[in-house]
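Q:
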Amino acid sequence: MRYVSTRGGAPAVTFEHAVLSGWAQDGGMLLPERIPKIASATLEQWRELHYGELCEAVLRLFMAEDELPELKDVCSRAFAGFGSDSVVELQQLPGTAEAATATAAIHIAELWHGPSLAFKDLGMQVLCQSLQSLLTRNGSNDTRTVLISTSGDTGPSALQAVTDAPSLHCIVLYPIGRVSRVQEAQMLAQAGAANATVIACEGTSDDMDIPCAQVFEDAAFARDNHIGTVNSVNVLRLLVQVVHYFYAYLKVTAAAPGSPPPVYFSVPTGAAGNITAGVIARLMGLPAAGFLVAVNENDVMHRMLSTGVMEKSADVLLTTSPAMDIQAPYNVERLFHLLWRDGDPDKGASIRALMADFNSGERVPLPQHLKDGIAALNFKSVSVSNARAAAAIRTAYQADSYVLDPHTAVGVATAMDTILKNRRGIVVCMGCAHAAKFPETIQAALALPSLAEACRIIPNRDHKCVAATVAATDALSAGAAVQIEVFTKGKDWLARLKEVIREVTAQRAEAAGLNSDGVAGLV
Numbered sequence: 000m001r002y003v004s005t006r007g008g009a010p011a012v013t014f015e016h017a018v019l020s021g022w023a024q025d026g027g028m029l030l031p032e033r034i035p036k037i038a039s040a041t042l043e044q045w046r047e048l049h050y051g052e053l054c055e056a057v058l059r060l061f062m063a064e065d066e067l068p069e070l071k072d073v074c075s076r077a078f079a080g081f082g083s084d085s086v087v088e089l090q091q092l093p094g095t096a097e098a099a100t101a102t103a104a105i106h107i108a109e110l111w112h113g114p115s116l117a118f119k120d121l122g123m124q125v126l127c128q129s130l131q132s133l134l135t136r137n138g139s140n141d142t143r144t145v146l147i148s149t150s151g152d153t154g155p156s157a158l159q160a161v162t163d164a165p166s167l168h169c170i171v172l173y174p175i176g177r178v179s180r181v182q183e184a185q186m187l188a189q190a191g192a193a194n195a196t197v198i199a200c201e202g203t204s205d206d207m208d209i210p211c212a213q214v215f216e217d218a219a220f221a222r223d224n225h226i227g228t229v230n231s232v233n234v235l236r237l238l239v240q241v242v243h244y245f246y247a248y249l250k251v252t253a254a255a256p257g258s259p260p261p262v263y264f265s266v267p268t269g270a271a272g273n274i275t276a277g278v279i280a281r282l283m284g285l286p287a288a289g290f291l292v293a294v295n296e297n298d299v300m301h302r303m304l305s306t307g308v309m310e311k312s313a314d315v316l317l318t319t320s321p322a323m324d325i326q327a328p329y330n331v332e333r334l335f336h337l338l339w340r341d342g343d344p345d346k347g348a349s350i351r352a353l354m355a356d357f358n359s360g361e362r363v364p365l366p367q368h369l370k371d372g373i374a375a376l377n378f379k380s381v382s383v384s385n386a387r388a389a390a391a392i393r394t395a396y397q398a399d400s401y402v403l404d405p406h407t408a409v410g411v412a413t414a415m416d417t418i419l420k421n422r423r424g425i426v427v428c429m430g431c432a433h434a435a436k437f438p439e440t441i442q443a444a445l446a447l448p449s450l451a452e453a454c455r456i457i458p459n460r461d462h463k464c465v466a467a468t469v470a471a472t473d474a475l476s477a478g479a480a481v482q483i484e485v486f487t488k489g490k491d492w493l494a495r496l497k498e499v500i501r502e503v504t505a506q507r508a509e510a511a512g513l514n515s516d517g518v519a520g521l522v
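Numbering of the sequence shown is given in numbering that gives the first Met the number 0, commencing with residue 0 and proceeding in unit increments.
(1) Just checking, does the region 48-62 make contact with the region 425-435 on the three C-beta pairs under 8 Å criterion?
(2) If you draw a straight line from the C-alpha of Gln-240 to the C-alpha of Ser-258, how long is it?
(3) How about Trp-22 and Pro-210: do their beta carbons lie closer than 9 Å?
(4) How far does the beta strand (DSSP E) with Val-145 in it extend, from its first residue to its last?
(5) Phe-489 by DSSP, collapsed to three states: which one?
(6) With a CB to CB cut of under 8 Å and the five nearest residues on each side skipped, what residues in its chain are close to Ala-288?
(7) Could I get the ranges of all uninterrupted beta strand (DSSP E) runs contained in the region 285-312, with 3 residues as the minimum, in chain order?
(8) By alpha-carbon positions, which one of Asn-194, Gln-367 and Val-315 ends up nearest to Arg-340?
(9) Leaving out five residues on either side along the sequence, give the residues of the same chain with a beta carbon under 8 Å from the beta carbon of Val-499.
(10) Rounding to the nearest angstrom, what Cα-Cα distance links Glu-361 and Val-409 in this structure?
(11) In whole angstroms, what is the alpha-carbon distance linking Lys-311 and Val-363?
(12) Along the chain, which unbroken stretches of the beta strand (DSSP E) at least 3 residues long are found entirely within the region 7-32?
(13) Could you pull out every residue in the same chain whose Cβ sits closer than 7 Å to the Cβ of Thr-417, ignoring the five residues on either side in sequence?
(14) On the three-pair Cβ rule with 8 Å, is the region 221-228 touching the region 237-256?
(15) Going by beta carbon distance, what residues of the same chain come within less than 7 Å of Leu-317, once the five residues before and after it are set aside?
(16) Consider the Cβ of Val-292: report whether some Cβ of chain D lies at a distance smaller than 9 Å.
(17) If we count the other Cβ atoms within 10 Å of its Cβ and call it buried at 16 or more, is Thr-41 buried or exposed?
(18) Please report the distance separating the alpha-carbon of Leu-19 from that of Asn-194.
(19) Compare the Cα-Cα distances from Met-354 to each of Ser-75, Phe-78 and Arg-333 and report the closest residue.
(20) Let's test the definition: count the other Cβ atoms within 10 Å of the Cβ of Glu-183 and tell me whether it reaches 16, buried, or not, exposed.
(21) For Ser-384, collect the residues of the same chain with a Cβ closer than 7 Å to its Cβ; drop the 5 residues on either side in sequence, then sort them by chain order.
(22) Quick one: grab the DSSP three-state call for Ala-98.
(23) Taking C-beta to C-beta, are Val-3 and Leu-58 nearer than 9 Å?
(24) Could you give the first and the last residue of the continuous beta strand (DSSP E) run that contains Thr-196?
(25) Quick one: any contact between the region 390-401 and the region 56-76, if contact means 3 or more CB pairs under 8 Å?
(26) DSSP three-state call for Pro-174: helix, strand or coil?
(27) Could you check which residue in Met-283, Arg-1 and Ala-270 has the C-alpha nearest to that of His-301?
(28) Go to Val-232, then tell me how far its beta strand (DSSP E) extends in each direction, as first and last residue.
(29) So what's Leu-167 in DSSP terms, helix, strand or just coil?
(30) According to DSSP, what are the bridge partners of Leu-89?
(31) What residue from Arg-46, Val-315, Gly-347 and Thr-203 has the CA that sits closest to Thr-487's CA?
(32) So Pro-328 and Val-308 are supposed to be a Cβ contact under 8 Å. How far apart are they, rounded?
(33) Given that a residue counts as buried once 16 or more other Cβ atoms are within 10 Å of its Cβ, and exposed if not, what is Lys-119?
(34) Would Ala-414 and Ser-320 qualify as a contact pair, given that the criterion is a beta-carbon distance under 9 Å?
(35) Label Asp-345 either buried or exposed according to how many other C-beta atoms from any shown protein chain fall within 10 Å of its C-beta, with 16 as the threshold for buried.
Right, here's the structure in full:
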């Protein structure tokens, strides 16, 4: 399988090159040159697979056998640290199903059982273990510095994943005051690790994306400093997210595999990576009835899907679902590539122009053929307010003490207000994170008297990953001293970020006994 740029101006590359590089050479995003099709018989064969086995089966379709022969071991290592043997669990929300037929119900696909309690652990762990295998193949001592701009969950997930991948050094930028206290504690708990650098920034997630993208656009600098990415820019993370669509579908239709009810997916959406993975699954043959694109008050995706016009808002709003506080959902570029009309010789150039206009703040109408492609997938989008998300948290808790995190609550509210309202199908809502990461939001939503009470009612306290997160948060609250750099407003973030990267490169070269050109020196 070869991988191509969404912008059409770079040569196709191998799976290994795609995973190691992240971005395409022309500044575009990488995707498989073709989407493999799954026969219905194959889908049925997958029904009894463990999540790790299914992950191996799906990913193998996107690479040659000799490109990552250790894929089985990679998947095994990736999920070894999860707090559930199943890796992903499906829970039906009480009170959302018709008693006899269960044809109108919400099922939460709990994707949060990994070390950082976020769905991103699924792709992140597989990606980092794959990178470790590729970098150390045949006795090689290669390294990568992975650069991450996080809106909340990606940073903690990546920092956890590199603890078992010593060939990687992780540099994380996060926005001060725009991540939860627990997310910040998770990142600061890893800040002292030998292969981790954490930087706080006075700005938004979109502000941080700019210097990170500029680093990758400087091809010579990125090459000389072995820069990679584990954001959802990296195509392997995207492909791993395809797996949980198949897994969840097979689980919720197990009772009636021959004549399943319509299955919709409600996807809390920020940078649009997870919904793009769902589209790939649908193009592969997943019998999804449709997709609910659930956004918070940062509603660029909702406006694009409902009006056919893509346009940023003036400001990024601070909401109770901070990982979704994004007005530049960069994975829409992949979505456009996947849904673009066949045979258009100007496809890449047209997508480049669309994204350039959008990123410069222009109002960008989508071409009709692209709107038709989106409509064919039965997309519906909803923008959910903080108040509506809080109401969904209350509804789920009052039904059976199920505690939703605020991101999953956006997806549940969307499902309640659309598919379930009309009693016309099963909705699988992607469960983004564990509620333990957002105790302040839980306290406010449930009108609890104290933060301590919110922490008390949060479930799964004996879950090993929940317990570790609680311990990190308690340590920060107790005043544990952590020194990290802060990128202040007005500072040249790009220049300083490059300095930090050069320092990491020099330190790793020194540790390996190499000179500045990467050549072994005399001892």
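Note that the Cβ used here is the ideal one computed from N, Cα and C, for glycine as well.
A: Well, looking at it:
(1) no
(2) 26 Å
(3) no
(4) 143-148
(5) It should be noted that the sequence gives Gly, not Phe, for residue 489. Three-state DSSP puts Gly-489 in coil, outside helix and strand.
(6) Pro-261, Val-262, Tyr-263, Asn-377 and Gly-424
(7) 289-294
(8) Gln-367
(9) Ile-170, Thr-196, Ile-198 and Glu-484
(10) 28 Å
(11) 10 Å
(12) 29-31
(13) Leu-291, Lys-379 and Val-381
(14) no
(15) Arg-177 and Asp-324
(16) In the structure shown, chain D does not exist; there is a single protein chain.
(17) exposed
(18) 18 Å
(19) Arg-333
(20) buried
(21) Glu-296
(22) Confidence at Ala-98 is low in this model, with a pLDDT of 38, below 50, so the placement of that residue should be treated as unreliable; the coordinate-derived value is given next. Coil, per DSSP.
(23) no
(24) 195-200
(25) no
(26) strand
(27) Ala-270
(28) Neither: Val-232 is in no beta strand (DSSP E) and is coded neither H nor E.
(29) strand
(30) Ala-108
(31) Thr-203
(32) That pair is no contact at about 14 Å.
(33) buried
(34) no
(35) exposed
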